[in-house]
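*Asks:* Residues in the sequence shown are numbered consecutively from 0, following numbering that gives the first Met the number 0.
C-beta atoms are modelled at their ideal positions from N, C-alpha and C, and glycine is treated no differently.
Note that this is a predicted model, so its numbers are computed, not measured.
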Amino acid sequence: MMSSSVPSADIQVLFDALPDTVFFIKDQHGRYTHCNLTLVKRLGRRTHDEVIGKTSEELFPSPLGASYSSQDMRVVKGNLISDKLEIHLYPNRRPGWCLTLKRPLYDKEQVQGLIGISHDLGKTNSRHSAYERLKKVVSHMRDHIDEHTRIDALAELADISVAQLERQFRHVFQVSPQQYLKKLRIELAMKLLEGDENIACIGQQCGFSDQSAFSRQFKLTVGITPMQFRKMTQSEPSKQP
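(1) In terms of residues, what are the limits of the beta strand (DSSP E) holding TYR31?
(2) Note the first and the last residue of the continuous alpha helix (DSSP H) segment covering GLY64.
(3) Suppose contacts are defined by Cβ-Cβ distances below 8 Å. Is LEU164 in contact with LEU180 by that definition?
(4) Is it right to say HIS87 is buried, meaning 16 or more other beta carbons lie within 10 angstroms of its own, or is it exposed?
(5) Between GLN178, GLN70, HIS147 and GLY194, which lies nearest to SER208 when the distance is taken from Cα to Cα?
(6) When the Cα of LEU17 is compared with those of ARG169, THR32 and ARG41, which residue comes out closest?
(7) For ILE185, which residues in the same chain have their Cβ closer than 8 Å to its Cβ, ignoring the five residues on either side in sequence?
(8) In whole angstroms, give me the CA-to-CA distance for ARG132 and HIS170.
(9) Should VAL136 be labelled buried (16 or more other beta-carbon atoms within 10 Å of its own) or exposed?
(10) Quick check: what's the CA-CA separation for ILE80 versus PRO103?
(11) Tell me the rounded alpha-carbon separation between ASP9 and HIS33.
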């Protein structure tokens with residue numbers, strides 16, 4: 000039981016009203032005990048009851064479900080996931096970028112499950128005073144996506160300090176410069192993986208030193224390996240709107 004961790008009805012209503020945030024609680028076996036309507040809808044379900052009691056493997060496309068469950072088990076063992084930039088792939092919608100936090104839930108000093116929130120990345124704040132300056136940095140990232148990129152060089156390009164670059168990037172893009180660069184590389188990789196090009200070559204085009212590094216970072220971000228992603232997308236009968 001996780002009586003000390005069960006949200007009140009008022010908190011449930013609050014989370015249900017957030018369209019850009021996924022909220023959930025799971026037991027130590029990875030089964031959902033609570034979730035909000037945003038998750039329910041993105042899974043293509045109609046009610047909470049269609050999700051409660053099930054695991055990620057029962058709700059998400061294969062092999063994503065197994066990957067999410069594996070992540071859950073690491074959290075149940077005491078690991079904390081914080082500010083993790085990742086892509087969520089749902090059965091009924093396009094891939095979406097989010098920042099995820101997961102932490103163990105304790106009851107009487109024993110881990111009884113986990114609680115998590117994934118917040119969608121918002122739109123770029125183009126009205127921020129630093130936007131025009133950072134556009135040059137983003138353009139440089141795109142033009143040199145296959146090269147090793149130093150953060151201090153990006154800061155020099157913007158004529159600001161590294162600390163200022165980090166701070167202004169989060170104000171404008173909601174992520175750090177490193178996360179933004181990773182986002183660009185993974186997005187390009189996903190696009191190229193829809194074709195038949197060699198996976199090692201794709202990794203090099205996206206700025207990864209070798210296929211091992213590419214596969215490792217891709218799986219950390221998307222939840223599955225480049226090969227699994229290619230098989231999954233090629234097995235889909237049609238692209239979703």
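*Replies:* In this structure, then:
(1) Position 32 of the sequence shown, counted from the start, is the residue given in the question as residue 31. Note, TYR31: beta strand (DSSP E), 31 to 34.
(2) Within the sequence shown, numbered from 1, the residue matching residue 64 stands at position 65. 63 to 75 is the extent of the alpha helix (DSSP H) around GLY64.
(3) Within the sequence shown, the letter at position 165 stands for residue 164. Within the sequence shown, the letter at position 181 stands for residue 180. No, they are not a contact pair.
(4) For the purposes of this step, residue 87 is taken as residue 88 along the sequence shown, with counting starting at 1. Counting other Cβ atoms within 10 Å of its Cβ, HIS87 reaches 16 or more and is therefore classed as buried.
(5) Along the sequence shown, read from residue 1 onward, the residue named residue 208 stands at position 209. When each option's Cα is compared against that of SER208, the closest is HIS147.
(6) Residue mapping note: residue 17 aligns to position 18 of the sequence shown, counting from 1. For LEU17, the closest C-alpha among the options ARG169, THR32 and ARG41 is that of ARG41.
(7) Taking the first residue of the sequence shown as position 1, residue 185 is located at position 186. Close CB contacts of ILE185 within its chain, under the 8 Å cut and outside five residues either way in sequence, are with ILE86, CYS205, GLN216, PHE217, THR220 and VAL221 (chain order).
(8) Locating residue 132 in the sequence shown gives position 133, counting from the first residue. Locating residue 170 in the sequence shown gives position 171, counting from the first residue. In a straight line, the C-alpha of ARG132 is about 13 Å away from that of HIS170.
(9) On the sequence shown, position 137 is the one that residue 136 refers to. Burial check for VAL136: the Cβ neighbour count within 10 Å reaches 16 or more, so the residue is buried.
(10) Position 81 of the sequence shown, counted from the start, is the residue given in the question as residue 80. Position 104 of the sequence shown, counted from the start, is the residue given in the question as residue 103. The straight-line gap from Cα to Cα measures roughly 9 Å.
(11) The residue labelled residue 9 in the question sits at position 10 within the sequence shown. The residue labelled residue 33 in the question sits at position 34 within the sequence shown. In this structure, the alpha-carbon of ASP9 lies about 13 Å from that of HIS33.
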